[in-house]
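J.: One structure, as structure tokens, below. Some questions next.
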Amino acid sequence: MEKPEKRGVIDTWLDKHRSIYTAAIRHAFVVSIRDGSVDLSSFRTWLGQDYLFVRGFVPFVANVLIRAGKESGETSDMEVVLGGLASLNDEIEWFKSEGSKWGVDFSTVVPQKANQDYRRFMEALMSSEVKFSVMMTAFWAIEAVYQESFAHCLEVGNKTPAELTGACNRWGNDGFKEYCSSVKKIAERCLENASGEALAEAEDALVRVLEHEVAFWEMSRGGQ
Ligand SMILES: Cc1ncc(CNC=O)c(N)n1
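Now the structure itself:
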């Protein structure tokens, strides 16, 4: 048996905002991948848009890395974030090979509104005014939505099409789950020492990530 994780403030927030959390991790687009009914034009839209998203996510994670080096209590924190950044390097390569597999030419993909809004939100989080605990909470939420969503597509009883299991494995694998749980522990530790103001900001950032994720899935499902 795995040791149950200590319940922290993030779990309390997830309970409080359960409906938007569920909307983010069990979106109709994700459920359609799991049940095999996914519209491949939606998948191609998601692929192109997510490639652009990830290109914006890299500088965000690089910022988290810099701030972890300066503001984190434990030396291992920086290593966790560095691991995430390293896997984004592989991820960009994976996107490129998927792009050619699906005939999606990234150089012609235009970011849609949900993508632009999400990237603008990440940029705002990179401001030095934003507390590290807030940034770390948002970072965890961004990663956790993908982990929970794609792991669902691999759970027993799935009818995920074989050509989509690569995407599902990328975020649904156990290593990514472990990484998300390490990120969550760092965020929780930062939040334990946070002011009331920082806590309110972190909760808000968490909810806003979930809203952006829902809008991102919606955009993908819309196709084009
Ligand atoms: C929209 C969105 N949210 C989270 C992730 C997962 N993080 C890095 O890949 C992602 N690729 N795209």
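Counting in full-length UniProt numbering, the sequence shown runs from 1 upward without gaps. Idealized CB from N, CA, C, for every residue including glycine. In this text the structure is predicted, and so the values were computed from the model without any measurement.
1) Taking Cβ to Cβ, would you say Arg170 is nearer than 8 Å to Trp94?
2) Rounded to whole angstroms, what's the CA-CA distance from Arg18 to Arg26? Just pull it up for me.
3) So, are the CB atoms of Met219 and Gln116 less than 8 Å apart?
4) Within 10 angstroms of the Cβ of Thr137, are there 16 or more other Cβ atoms? Answer buried if so, exposed if not.
5) Any idea if Arg120 is buried or exposed, counting beta-carbon neighbours within 10 angstroms, 16 or more meaning buried?
6) Measuring alpha carbon to alpha carbon, tell me which residue in Ser195, Cys153, Ala167, Ala162 is nearest Ser133.
7) Can we say the region 95 to 111 touches the region 146 to 157, given the rule of at least three CB pairs closer than 8 Å?
8) Is Phe216 a contact residue of ligand 2, with contact defined as CB to any heavy atom under 7 Å?
9) Grab me the residues of Trp13's own chain with a C-beta within less than 7 Å of its C-beta, minus the 5 sequence neighbours each way, in chain order.
10) Under 7 Å: does the beta carbon of Glu91 sit that close to some heavy atom of ligand 1?
11) Locate the alpha helix (DSSP H) running through Gln116, then write down its first and last residues.
12) Between Met78 and Ala68, how many whole angstroms is the CB-CB distance? I'm expecting something under 8 Å.
13) Please classify Gly48: does DSSP put it in a helix, a strand, or coil?
14) Provide the residue span of the alpha helix (DSSP H) that contains Asn158, from first to last.
15) If you drop the 5 nearest sequence neighbours on each side, which residues of the same chain put their C-beta closer than 7 Å to that of Ala141?
16) Would you identify the three-state DSSP class for Lys6, choosing helix, strand or coil?
17) Taking 8 Å as the threshold (C-beta atoms), are Pro161 and Gly73 in contact?
18) Can we count Ile10 as close to ligand 1, meaning its CB is less than 7 Å from some heavy atom?
19) Sorted by chain position, which residues of the same chain lie with C-beta nearer than 7 Å to Lys177's C-beta, five sequence neighbours on each side aside?
20) Between which residues of its own chain and Cys180 is the CB-CB distance below 8 Å, once the five residues before and five after are set aside?
21) Is Val109 near ligand 1, with its Cβ less than 7 Å from a heavy atom?
22) For Asp35, which three-state DSSP category applies?
T.: Well, looking at it:
1) Taking the sequence shown and counting its residues from 1, one reaches residue 170 at position 170. Taking the sequence shown and counting its residues from 1, one reaches residue 94 at position 94. Yes, the Cβ-Cβ distance between Arg170 and Trp94 is below 8 Å.
2) Taking the sequence shown and counting its residues from 1, one reaches residue 18 at position 18. Taking the sequence shown and counting its residues from 1, one reaches residue 26 at position 26. If you take the alpha carbons of Arg18 and Arg26, they lie about 12 Å apart.
3) As a position in the sequence shown, residue 219 is number 219, starting the count at 1. As a position in the sequence shown, residue 116 is number 116, starting the count at 1. Cβ atoms of Met219 and Gln116: not closer than 8 Å.
4) One-based indexing of the sequence shown puts residue 137 at position 137. By the neighbour-count rule (16 or more Cβ atoms within 10 Å), Thr137 is buried.
5) By 1-based counting over the sequence shown, the position of residue 120 is 120. When all chains shown are included, Arg120 counts as exposed.
6) The residue given as residue 133 occupies position 133 in the sequence shown. Comparing Cα positions, the closest option is Ser195.
7) no
8) Ligands displayed in this structure: ligand 1; ligand 2 is not among them.
9) Taking the first residue of the sequence shown as 1, we reach residue 13 at position 13. Closer than 7 Å at the Cβ level, and outside the excluded window around Trp13, lie Glu203, Leu206.
10) Position 91 of the sequence shown, counted from the start, is the residue given in the question as residue 91. For ligand 1, at least one heavy atom lies less than 7 Å from the Cβ of Glu91.
11) The sequence position of residue 116 within the sequence shown is 116, counting from 1. Element bounds for Gln116: 113 to 125.
12) For the purposes of this step, residue 78 is taken as the residue at position 78 of the sequence shown. For the purposes of this step, residue 68 is taken as the residue at position 68 of the sequence shown. Correct: roughly 5 Å between the Cβ atoms.
13) For the purposes of this step, residue 48 is identified with residue 48 of the sequence shown, where counting begins at 1. DSSP places Gly48 in helix when its eight states are reduced to three.
14) Indexing the sequence shown from 1 puts residue 158 at position 158. Here Asn158 belongs to no alpha helix (DSSP H), and DSSP marks it neither H nor E.
15) Locating residue 141 in the sequence shown gives position 141, where the first residue counts as 1. Around Ala141: Leu206, Val209, Leu210.
16) Here the question's residue 6 lines up with position 6 in the sequence shown. In the structure shown, Lys6 sits in coil (DSSP, three-state: anything other than H, G, I, E or B).
17) As a first step, residue 73 must be located in the sequence shown, where it is residue number 73. As a first step, residue 161 must be located in the sequence shown, where it is residue number 161. Their beta carbons are not under 8 Å apart, which means Gly73 does not touch Pro161 by this criterion.
18) Within the sequence shown, residue 10 is the residue found at index 10, counting from 1. Not so, every heavy atom of ligand 1 lies at least 7 Å from the Cβ.
19) On the sequence shown, residue 177 is found 177 positions in, with the first residue counted as 1. So the qualifying residues of the chain are Gln147, Ala151.
20) Against the sequence shown, residue 180 aligns to sequence position 180. Cβ neighbours of Cys180 beyond the five flanking positions: Trp140, Glu143, Ala144, Gln147.
21) The residue given as residue 109 occupies position 109 in the sequence shown. Not under cutoff, so the answer is no.
22) Translated into positions along the sequence shown, residue 35 becomes position 35. Asp35: helix per DSSP, three-state reduction.
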